[in-house]
Amino acid sequence: MSFYTVEDVKKILGISDSKAYQIIRKLNKELSNKGYITVAGRIPKKFFNERYYCDESELKAIVGN
């Protein structure tokens with residue numbers, strides 16, 4: 026499974042460190058409420074892409090993964 030880090034979320038959304046951490050915490054809380062184990066400061070790419078409706082090809086150009 027691949028994860029986005031805070032730096033990746035910052036690049037994708039064009040936001041600050043604190044806002045990126047806030048978004049990751051919110052998304053991880055959603056996953057935790059569904060029974061998934063989460064990692065602080067990281068969010069699964071698939072879940073992030075679903076929640077933010079991101080185009081995979083655009084993300085590869087931004088993040089490079």
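Reading the sequence shown from the start, the letters are residues 26 to 90 in the working numbering. Built from N, CA and C at the ideal position, the CB exists for glycine as well. Just so it is clear, the structure is predicted and the values come from calculations on it, not from any experiment.
query: By the three-class DSSP mapping on this structure, what secondary structure does residue 29 have?; result: strand
query: Could you say which of 46, 57 and 51 lies nearest to residue 35 if we only look at CA atoms?; result: 46
query: Under 8 Å by Cβ, that's how I've got residue 52 and residue 68 pegged, so tell me the actual separation to the nearest angstrom.; result: 5 Å
query: Using DSSP with H/G/I as helix, E/B as strand and the rest coil, what is residue 68?; result: strand
query: From 65, 44, 56 and 60, pick the residue whose C-alpha is nearest to that of residue 75; which is it?; result: 56
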